[in-house]
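> Residue numbers (the working numbering), protein chains in the order written: chain A, 352 to 530; chain B, 663 to 1307.
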Amino acid sequence: MIRASRFTLLFILSCFVMVAMLSAAGQTQAGQPQTVTVSDKRSQPEPADVAGAWQVSWTVRGGTEPGTLRLQQDGAKLCGTFQDLHGLSSLTGTVDAKQISFDVQFGGAHPFTIRFIGTVEESNIGGTSGAVGVVGGGAYLGHAGEVVHPEHPWAAKRLANPSAQAGESGSKSILPTKN
Amino acid sequence: MQCRNVYRATCRFFGLAAALLSTVVNLVAPPSLAAETRKKLTTATPIQHVIVIIGENRSFDHVYGTYQPVGNQTVSNLLSKGIVTGDGKPGPNYALAQQNSALDQTTYAISPAGKAAYKPLPPAMTAGAPTAPSNADPAPFQTAAVAKLAEPDLFGKYYRFLTTGATNLPKDTIDTRIRNVHKLSDGPFRLTPGVKYDDYAASPVHRFYQMWQQTDCSTANATTNNPSGCLSDLFSWVEVTIGAGSNGNPQPVPFNNQTTGEGSTALGMYDIENGDAPYMKYLADNFTLSDNMHQSVMGGTGANHIMFGYADAIWYSDGNGSIETPPTNQIENPNPDQGTNNWYDQDGYSGGSYSNCSDLTQPAVPAVVNYLQALDPPISPRCATGAFYLLNNYDPGYNGDGTLNTFTQFAIPPTSQPHIGDVLSAAGLSYTYFGEGWDLYVTDPTEANPYDRYCTICNPFQYASDIMTNQQERETHIQDTNNLYLDIANGNLPAVSIVKPDGFLDGHPSSSKLDLFEGFVNRIVDQVQNSSEWQSTAIFITFDEGGGYYDSGYIQPVDFFGDGTRIPLLIVSPYSTGGVINHSYADHVSIIKFIERNWGLGTIGPSTRDNFPNPNVGTNPYVPTNSPALDDLFDAFNFGREKKK
Chain A
352 MIRASRFTLL
362 FILSCFVMVA
372 MLSAAGQTQA
382 GQPQTVTVSD
392 KRSQPEPADV
402 AGAWQVSWTV
412 RGGTEPGTLR
422 LQQDGAKLCG
432 TFQDLHGLSS
442 LTGTVDAKQI
452 SFDVQFGGAH
462 PFTIRFIGTV
472 EESNIGGTSG
482 AVGVVGGGAY
492 LGHAGEVVHP
502 EHPWAAKRLA
512 NPSAQAGESG
522 SKSILPTKN
Chain B
663 MQCRNVYRAT
673 CRFFGLAAAL
683 LSTVVNLVAP
693 PSLAAETRKK
703 LTTATPIQHV
713 IVIIGENRSF
723 DHVYGTYQPV
733 GNQTVSNLLS
743 KGIVTGDGKP
753 GPNYALAQQN
763 SALDQTTYAI
773 SPAGKAAYKP
783 LPPAMTAGAP
793 TAPSNADPAP
803 FQTAAVAKLA
813 EPDLFGKYYR
823 FLTTGATNLP
833 KDTIDTRIRN
843 VHKLSDGPFR
853 LTPGVKYDDY
863 AASPVHRFYQ
873 MWQQTDCSTA
883 NATTNNPSGC
893 LSDLFSWVEV
903 TIGAGSNGNP
913 QPVPFNNQTT
923 GEGSTALGMY
933 DIENGDAPYM
943 KYLADNFTLS
953 DNMHQSVMGG
963 TGANHIMFGY
973 ADAIWYSDGN
983 GSIETPPTNQ
993 IENPNPDQGT
1003 NNWYDQDGYS
1013 GGSYSNCSDL
1023 TQPAVPAVVN
1033 YLQALDPPIS
1043 PRCATGAFYL
1053 LNNYDPGYNG
1063 DGTLNTFTQF
1073 AIPPTSQPHI
1083 GDVLSAAGLS
1093 YTYFGEGWDL
1103 YVTDPTEANP
1113 YDRYCTICNP
1123 FQYASDIMTN
1133 QQERETHIQD
1143 TNNLYLDIAN
1153 GNLPAVSIVK
1163 PDGFLDGHPS
1173 SSKLDLFEGF
1183 VNRIVDQVQN
1193 SSEWQSTAIF
1203 ITFDEGGGYY
1213 DSGYIQPVDF
1223 FGDGTRIPLL
1233 IVSPYSTGGV
1243 INHSYADHVS
1253 IIKFIERNWG
1263 LGTIGPSTRD
1273 NFPNPNVGTN
1283 PYVPTNSPAL
1293 DDLFDAFNFG
1303 REKKK
């Protein structure tokens, strides 16, 4: 128990340091990430093990972009980084059994926060994403009256080689191709 | 835990990379456009600068349906035709705008049979209009502070419009804000006051084959005053039978008049004589309004902006100028699925968008080509052999930084077809496409950032290899709107400026509002009027298309691609004052013709639309007797000695 408490303390500290360093690097925080508290761990299945590196394929309004997710885990709590076309961004979140949720805080001139939610199935994660704070849905209506990717799906596959990097233009999508 | 170490290592690497990149960029960056010497050639008029501002998705009657011009001017609109009364209610000739259902169950037809009047219209719906304010995505925003952060191009009173107008209704539900929405008459109805002018509302479908059906053109209906025989009486039917497309999916079960989420949105209209669109009215009262301007392509945003840039449609290629056949699932097939009434087999944003209109065995092509050939005189489809033309919205082949767009399969390969920029460059004339949000988009090519509302498909030059593969060309000819404001202030406007608001301000229903577009235009007009450039500048304010909204005006078929419905065109300059209504037949290419004539330039290509003659007319000023014909808009100005070409 004592060892677990020290571990938790170290986790919180390292996440705090990471966020502070990202801020110092000029990546403004757009909003406070929402953390879901698991009320009674004894009655819940063990959180899925998601620690490590994941290759991400994320579909947004303009298409599907690659990224690399690096997750650190302490029980149900997560922190880490997301590397994609926008650079390196910090994240915090939770994992509850197979359900994962984390907020990525993107910096730049117009900072924004995206919440990714999904389901973990061994070495794969799949789910949807949306800007934090959306009321009434985040669908963008296209220029011919069509709703474009309203669910903003994402998928991740555990990287066999954790040092591998995605996030460069042209990386192959791992999402199923429509039609 | 390793968060700290992982981050340190990653940051170290990327920090060094960023520093190196910054150094390289600074070394190779070209001199600013402001410092570039601009060549001024002799012009046929006092106009040395043309500014074209393109909004989104409003037909002429949707905005100016009840407009009453100043002085002794006349206008062709719903009110003047007696379709509606002065208060927007059904008028004595309301039947001229009657909407019908139809039957199309075997092969795609542009004028299907089995028509029957709707009584009442299917109720209008909310489609994707925003339910409530949000500070993240999309507008309206919860606070003015976030609105100002997201949108730098407004001023003064207009900012509050970014925080108002949510529907407070679910998406894809009946729009109960509209009066008598369950008992709508079978034609145009007033949006206001039930839907406030400042409210968001649904966006009707406006795709290529849908719009050919909506306008219902047949030589069997041709008359002297309407030689194209277009009746524009199937707007609601197309909305409720196919809407924005199938994307190759089967028709949903169950399926009814509300399944597409639109209902009869297309028949909604504003009442400009009773307070709607006040700045559009001010400009019409004081400058020149065309009541015979048309969207140049049946359908939506991309194809119409392309026609404005190329005076032609562009086709699928190998990326190096050779014609190729696109993937099967990207070829249009609007033939109805078996057992359905007008549910297209393959059409949509993630589906069919190309047609080879030179091949009569291709789906839907005979429906349009045979109609064109039956007209008197016959109209050439103007389709290159074997070419699959882009008819609807696909992304350009390039990202903002000039790399190839590999983020989506629904992007047209880079094109080598000539465009108006080539003509201007060859003559040594300056030109810039000012796209609001361009700077943010270049760093956010997938548009993951909810504040990124730059319009990729609106920029005709973003499709072009000769611009996008050359950094200096790219940076000279494509810039953010903040540079436009600087150029006006510094007396350094290019000869031709094409100006596009972002998605928050472009006026597109559902994602924007007309009052926000008014604010965008108002800022530019005021700045130009108060600058040294005013005496030598003409501002053309128009829209990409009618957005799928009904219009009662004459449509001239000029080739396979269009024209489509009328759209507003305002011409603001010291030489187009007085509230004049110009009746000459025009489309987007008319502005290209104005530029070419003003600077004594050649056409873009030997068979592009800018080769069409100016219209000759008989007793009806709206109907060219020498089709296909497009006005060059010189007659919309009073230059004194100038005469029509």
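Using N, Cα and C, we set each Cβ at its ideal position, and we do this for glycine too.
Should B:PRO1039 be labelled buried (16 or more other beta-carbon atoms within 10 Å of its own) or exposed?
Counting Cβ neighbours within 10 Å, B:PRO1039 comes out exposed, since fewer than 16 surround it.
> For B:LYS858, which of B:GLY930, B:VAL712 and B:ALA1026 has the nearest alpha-carbon?
Answer by Cα proximity: B:GLY930.
> I want to see whether chain A comes within less than 9 Å of B:PRO1069, judged by CB atoms only; does it?
At residue 1069 of chain B the sequence reads Phe, which differs from the Pro that was named. Chain A, which has a Cβ nearer than 9 Å to the Cβ of B:PHE1069, makes this yes.
> For B:LYS1255, which three-state DSSP category applies?
Residue state, collapsed to three classes: helix.
> For the structure I just gave you, are there three or more beta carbon pairs, one from the stretch 820-838 of chain B and one from the stretch 735-745 of chain B, closer than 8 Å?
No, because fewer than three Cβ pairs between the stretch 820-838 of chain B and the stretch 735-745 of chain B fall closer than 8 Å, the two stretches do not touch.
> In three-state terms, what does DSSP make of B:GLY1097?
B:GLY1097 falls in the strand class under three-state DSSP.
> Determine the direct distance from the alpha carbon of B:ARG1228 to that of B:THR963, and round the result to whole angstroms.
The alpha-carbon atoms of B:THR963 and B:ARG1228 are separated by roughly 15 Å.
> In three-state DSSP terms, what is B:TYR1016?
Three-state DSSP puts B:TYR1016 in a strand.
> Take the Cβ of B:LYS943 as the centre, count every other Cβ of all protein chains shown within 10 Å, and call the residue buried at 16 or more, exposed below.
That one is buried.
> Using a Cβ-Cβ cutoff of 8 Å, what residues of the stretch 397-416 of chain A are near chain B? List them in chain order.
Listed by position, the residues of the stretch 397-416 of chain A near chain B (Cβ gap below 8 Å) are TRP409, VAL411, ARG412, GLY413, GLY414, THR415 and GLU416.
> Determine which residues of the stretch 1105-1132 of chain B have a Cβ less than 9 Å from any Cβ of chain A, and write them out in chain order.
Residues THR1105, ASP1106, PRO1107, THR1108, GLU1109, ALA1110, ASN1111, PRO1112, TYR1113, ASP1114, ARG1115, CYS1117, THR1118, ILE1119 and CYS1120.
> If B:SER1092 and B:GLY1153 are in contact, beta carbons under 8 Å, what's the gap, nearest whole angstrom?
The Cβ separation is near 13 Å, so there is no contact.
> Considering only residues of the same chain and omitting the five flanking positions on each side of B:PHE1274, which have a CB-CB separation below 6 Å?
For B:PHE1274, where only same-chain residues beyond five positions count, the Cβ hits under 6 Å are PRO1290, ALA1291 and LEU1292.
> Taking 9 Å as the CB-CB cut-off, is A:ASP454 touching chain B?
By this cut-off, A:ASP454 is not an interface position.
> In terms of alpha-carbon separation, which member of B:LYS810, B:SER1015, B:ASP999 and B:SER1042 lies closest to B:TYR770?
Of the listed residues, the one whose Cα sits closest to B:TYR770 is B:ASP999.
> Could you check whether the stretch 978-996 of chain B touches the stretch 1279-1288 of chain B, counting it as contact only if at least three pairs of C-beta atoms, one from each stretch, sit closer than 8 Å?
Result no; under three Cβ-Cβ pairs closer than 8 Å.
> Assuming B:ILE836 and B:LYS1162 are in contact, meaning their beta carbons sit under 8 Å apart, how far apart are those beta carbons, in whole angstroms?
Actually they do not touch by this definition, with Cβ atoms about 33 Å apart.
> Using a C-beta cutoff of 9 Å, does A:ILE468 count as contacting chain D?
In the structure shown, chain D cannot be found, because the protein chains are A and B.
> If you measure from the beta carbon of A:GLY459 to each beta carbon in chain B, is any gap under 9 Å?
Yes, its Cβ sits closer than 9 Å to a Cβ of chain B.
> Identify the residues that DSSP records as bridge partners of B:ALA778: which are they?
DSSP lists B:SER763 as partners of B:ALA778.
> Span of the beta strand (DSSP E) holding B:PHE1205?
Note, B:PHE1205: beta strand (DSSP E), 1199-1205.
> Do B:GLY961 and B:GLU1137 count as a contact pair if the criterion is CB distance below 9 Å?
Not in contact: B:GLU1137 and B:GLY961 (Cβ atoms no closer than 9 Å).
> If you draw a straight line from the alpha carbon of B:ASN1300 to that of B:PRO1286, how long is it in whole angstroms?
Whole-angstrom Cα-Cα distance: 22 Å.
> Quick one, which of B:PRO784, B:ALA764 and B:THR788 has its alpha-carbon nearest B:LYS777's?
The candidate whose alpha carbon is nearest that of B:LYS777 is B:ALA764.
> Between B:ASP766 and chain A, is the shortest Cβ-Cβ distance under 9 Å, so that the two count as touching?
Chain A, which has no Cβ nearer than 9 Å to the Cβ of B:ASP766, makes this no.
> At which residues does the alpha helix (DSSP H) containing B:LYS810 begin and terminate?
It spans 806-812 - the alpha helix (DSSP H) in which B:LYS810 sits, taken as one unbroken run.
> Check the Cβ of B:LEU1102 against every Cβ in chain A and list those closer than 9 Å, keeping chain order.
What B:LEU1102 touches in chain A: GLY459, ALA460 and HIS461.
> So the candidates are B:ALA973, B:HIS1250, B:TYR1103 and B:ASP980; which of them puts its Cα closest to the Cα of B:GLY1264?
The shortest Cα separation from B:GLY1264 among B:ALA973, B:HIS1250, B:TYR1103 and B:ASP980 belongs to B:ALA973.
> Report the residues of the stretch 1208-1239 of chain B with a CB closer than 7 Å to any CB of chain A, ordered along the chain.
Answer in chain order: GLY1210.
> I'd like the list of long-range same chain contacts for B:LEU816, defined as Cβ closer than 6 Å, with 5 residues on each side in sequence excluded.
GLY1181, listed in sequence order.
> Which runs of the beta strand (DSSP E) spanning at least 3 residues fall entirely within the stretch 1200-1241 of chain B, listed in chain order?
Counting whole runs of 3 or more residues, the stretch 1200-1241 of chain B contains the beta strand (DSSP E) stretches 1231-1234.
> By the DSSP assignment, the alpha helix (DSSP H) with A:HIS503 in it spans what residues?
Counting along the chain, A:HIS503 falls outside any alpha helix (DSSP H), and DSSP gives it neither H nor E.
> Which same chain residues end up closer than 8 Å to B:ILE1150 when comparing Cβ atoms and leaving out the 5 residues on each side of it in sequence?
So the qualifying residues of the chain are ILE1186, GLN1189, VAL1190, SER1193 and GLU1195.
> Near B:ALA679, which residues of its chain fall below 6 Å by C-beta distance, leaving aside the five closest residues on each side in sequence?
Note on B:ALA679: pLDDT 41, under 50, position unreliable in the model; no value is reported.
> Taking B:LYS943 as part of the beta strand (DSSP E), name the residues at either end of that continuous run.
Run containing B:LYS943: none in the beta strand (DSSP E); it sits in the alpha helix (DSSP H), 940-948.
> Give me the residue from A:ASP435, A:LEU436, A:ALA402 and A:SER408 with the minimum Cα distance to A:GLY426.
Among A:ASP435, A:LEU436, A:ALA402 and A:SER408, the Cα nearest to that of A:GLY426 is on A:ALA402.
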